[in-house]
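Q:
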Amino acid sequence: MHSVWKIICVILLFYTVIAGFLLPVPELPILNETIRNLYFHVTMWFVMITHMVISIVYSIRFLTNSQLRYDMKAEQYSQTGMVFGIAGLITGMIWAKFTWGAFWVNDTKLNGVAAAMLMYAAYFILRNATDDENKRAKLSAVYLVFAFPLMMAFIFILPRMTDSLHPGNGGNPAFGQYDLDNNMRMVFYPAIIAWTLLGLWITSIRIRIKNLWNETNLSE
Amino acid sequence: MERNKLIRIIVLLSVLPSVTFADGVEMADALRSNGKIYVVVAVLCVVLATVLLYLFSIDRKVKKMEEKFKNK
Numbered sequence: 001m002h003s004v005w006k007i008i009c010v011i012l013l014f015y016t017v018i019a020g021f022l023l024p025v026p027e028l029p030i031l032n033e034t035i036r037n038l039y040f041h042v043t044m045w046f047v048m049i050t051h052m053v054i055s056i057v058y059s060i061r062f063l064t065n066s067q068l069r070y071d072m073k074a075e076q077y078s079q080t081g082m083v084f085g086i087a088g089l090i091t092g093m094i095w096a097k098f099t100w101g102a103f104w105v106n107d108t109k110l111n112g113v114a115a116a117m118l119m120y121a122a123y124f125i126l127r128n129a130t131d132d133e134n135k136r137a138k139l140s141a142v143y144l145v146f147a148f149p150l151m152m153a154f155i156f157i158l159p160r161m162t163d164s165l166h167p168g169n170g171g172n173p174a175f176g177q178y179d180l181d182n183n184m185r186m187v188f189y190p191a192i193i194a195w196t197l198l199g200l201w202i203t204s205i206r207i208r209i210k211n212l213w214n215e216t217n218l219s220e
Numbered sequence: 221m222e223r224n225k226l227i228r229i230i231v232l233l234s235v236l237p238s239v240t241f242a243d244g245v246e247m248a249d250a251l252r253s254n255g256k257i258y259v260v261v262a263v264l265c266v267v268l269a270t271v272l273l274y275l276f277s278i279d280r281k282v283k284k285m286e287e288k289f290k291n292k
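Chains as they are written, first to last, in our numbering: chain A, 1 to 220; chain B, 221 to 292.
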C-alpha cells in the first residue's frame, strides 16, 4: 500500500489536464486563455522550490552528522528540482512571448531566476571538481547553505522590492483576486500537489537506482 | 434508457453551436465542439498516460533489481 501516493499523483495529473483545459477561467484581456498556464508553468516552480528545500535540509543533515547518504539525497533532490526549474523557465519564456511581447524581458524576477539557476549549475560543477567523496560532500553542502538563501532572495525578496512585470512582485498580489477565482483554485491547488508528487516520485526512483549502484560497487 | 437520452441531449447541445454557424459540411461530433479543445485534452491524456506508464515500468524494474540484490 506504499504506492497509494503514486496513484493519487496519477489521478490528480489527469484531473489537472482535463479540468485545466475545460473548466471556465476568468476572461481577461491580453492573457485570454493563456491564464491556464497557471496550472502548468507556476506549478513547475512549486516543484522546484519543494525539491530545493528538501535538498538543503539533507545538506544540513549531512553537515551535522557526516553521513554520505544524506549528501547523495541532497544531490538527487536538487537535480530533479533543476529539471523542473528548466521546464518552468522555458514555459515562462513561451508565455512571456505572447503576453509581454518577448521571450525575455529585463525584469528582476526573470534575471533573479536566471542567476539562481546558474548558482545551482555551479553546484553541480563543484560536485564534479573533486574525486574525494567526503570532501565533495562537505564542499557542496557548505556551498548550498550559501546558495539556497541567495536563491530565495533572488526569487522572492528582490523582485518584491522593485517593479516587476511578473505577478506577485512590485506590489502586485501574487495569486490575488484578479487572476485567481474559485474555479481556478479548484484546479490550481490539486495541480501543485500532482506535479510535486510526480517530482518526488522521479527523485525516489533516482535515489533507489543510486543506492543499487552504490551497493553493487561496494560488493564487487 | 433514461441515461442514453440524457447523453444524447448533452451531445446535441454541445455540438449545436457548430451546426448552426457552419455552412453545410460541418458534421456533428462531440470532439469538434468548443474549438476542438477536446482533441487537445485527449492528446494530452494520451501523452500523460504514456509517460506515467513508462514511469511505473521503470519503478517496477528498480523494484525487481532491489529484490534480486537482497536475495544475493
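All residues carry an ideal CB built from backbone N, CA and C; glycine is no exception. For clarity, every value in this text was computed on a predicted model and none was experimentally measured.
Using the C-alpha atoms, what's the distance from Arg206 of chain A back to Met285 of chain B?
A: Near 13 angstroms, if we compare the C-alpha coordinates of Arg206 of chain A and Met285 of chain B.
Q: Buried or exposed: which applies to Lys73 of chain A, given that a residue is buried once 16 or more other Cβ atoms fall within 10 Å of its Cβ?
A: Under this definition Lys73 of chain A is a buried residue.
Q: Is the shortest distance between the beta-carbon of Asp279 of chain B and the beta-carbons of chain A less than 8 angstroms?
A: Answer yes: the Cβ-Cβ gap between Asp279 of chain B and chain A drops below 8 angstroms somewhere.
Q: Between which two residues does the alpha helix (DSSP H) holding Lys284 of chain B run?
A: It spans 257-291 - the alpha helix (DSSP H) in which Lys284 of chain B sits, taken as one unbroken run.
Q: Using a Cβ-Cβ cut-off of less than 7 angstroms, give me the residues of the segment 2-34 of chain A that come near chain B, in sequence order.
A: Residues Val10, Leu13, Phe14, Val17, Ile18, Phe21, Leu22.
Q: So is Ala129 of chain A buried or exposed if we call it buried at 16+ other beta carbons inside 10 Å?
A: The residue is exposed, with fewer than 16 neighbouring Cβ atoms inside 10 Å.
Q: What does the alpha-carbon distance come out to for the pair Leu212 of chain A and Tyr77 of chain A?
A: Rounded to the nearest angstrom, the two C-alpha atoms are 17 angstroms apart.
Q: Given 8 angstroms as the limit, is there contact between the segment 272-284 of chain B and the segment 27-47 of chain A, that is, 3 or more CB pairs closer than that?
A: Contact fails: fewer than three Cβ-Cβ distances are below 8 angstroms.
Q: Between the beta-carbon of Gly88 of chain A and the beta-carbon of Met48 of chain A, is there less than 8 angstroms?
A: In this structure, Met48 of chain A lies closer than 8 angstroms to Gly88 of chain A by Cβ.
Q: Along chain A, which residues have their Cβ under 7 angstroms away from the Cβ of Val261 of chain B?
A: Per Cβ cutoff of 7 angstroms: Val17, Ile18, Phe21, Leu22.
Q: Would a C-beta distance cut-off of 8 angstroms place Thr91 of chain A and Trp195 of chain A closer than the cut-off?
A: It is not a contact, given that the beta carbons lie outside the stated cut-off.
Q: Under 7 angstroms Cβ-Cβ, which residues of chain A neighbour Val266 of chain B?
A: Per Cβ cutoff of 7 angstroms: no residues; Val266 of chain B is ~10 angstroms from chain A at best.
Q: Using 10 angstroms around the beta-carbon of Ala114 of chain A, count the other beta-carbons present and answer buried if the total reaches 16, otherwise exposed.
A: Exposed is the call here.
Q: Using the Cα positions of Ala269 of chain B and Leu218 of chain A, report the straight-line distance between them to the nearest angstrom.
A: About 37 angstroms.
Q: Flag this pair as yes or no: are the beta carbons of His225 of chain A and Thr80 of chain A separated by less than 8 angstroms?
A: The question about residue 225 of chain A has no answer, for chain A in this structure spans 1 to 220.
Q: On a Cα-Cα basis, can you pick out the residue from A:Ile60, A:Leu200, A:Asn214, A:Phe188 that is closest to Phe148 of chain A?
A: Minimum Cα distance to Phe148 of chain A is reached at A:Ile60.
Q: Hey, is Leu251 of chain B's beta-carbon within less than 8 angstroms of any beta-carbon in chain A?
A: It does not: the Cβ of Leu251 of chain B has no partner Cβ on chain A nearer than 8 angstroms.
Q: Would you mind reading off the limits of the alpha helix (DSSP H) that contains Asn111 of chain A?
A: Looking at the DSSP string, the run of the alpha helix (DSSP H) that includes Asn111 of chain A is 108-127.
Q: Can you grab the Cα-Cα spacing for the pair Val53 of chain A / Leu180 of chain A, in whole Å?
A: The alpha-carbon atoms of Val53 of chain A and Leu180 of chain A are separated by roughly 26 angstroms.
Q: Tell me where the alpha helix (DSSP H) around Val25 of chain A begins and ends.
A: Note, Val25 of chain A: premise wrong, no alpha helix (DSSP H); not H, not E.
Q: Closest Cβ-Cβ distance between Glu286 of chain B and chain A: below 8 angstroms?
A: Answer yes: the Cβ-Cβ gap between Glu286 of chain B and chain A drops below 8 angstroms somewhere.
Q: Once you ignore the five residues that flank Lys210 of chain A on each side, which residues in its own chain have a CB closer than 7 angstroms to its CB?
A: For Lys210 of chain A, where only same-chain residues beyond five positions count, the Cβ hits under 7 angstroms are Met72, Gln76.
Q: Need the endpoints of the alpha helix (DSSP H) that Glu133 of chain A sits in, please.
A: Here the alpha helix (DSSP H) through Glu133 of chain A covers 133-152.
Q: Report the rounded CA-to-CA distance for Leu165 of chain A versus Trp95 of chain A, giving the unit in angstroms.
A: Roughly 13 angstroms separates the two Cα atoms.
Q: Kindly list the residues whose CB is nearer than 7 angstroms to the CB of Arg127 of chain A, restricted to its own chain and excluding five residues on each side of it in sequence; keep chain order.
A: Cβ within range, chain order: Glu75, Arg136, Ser140.
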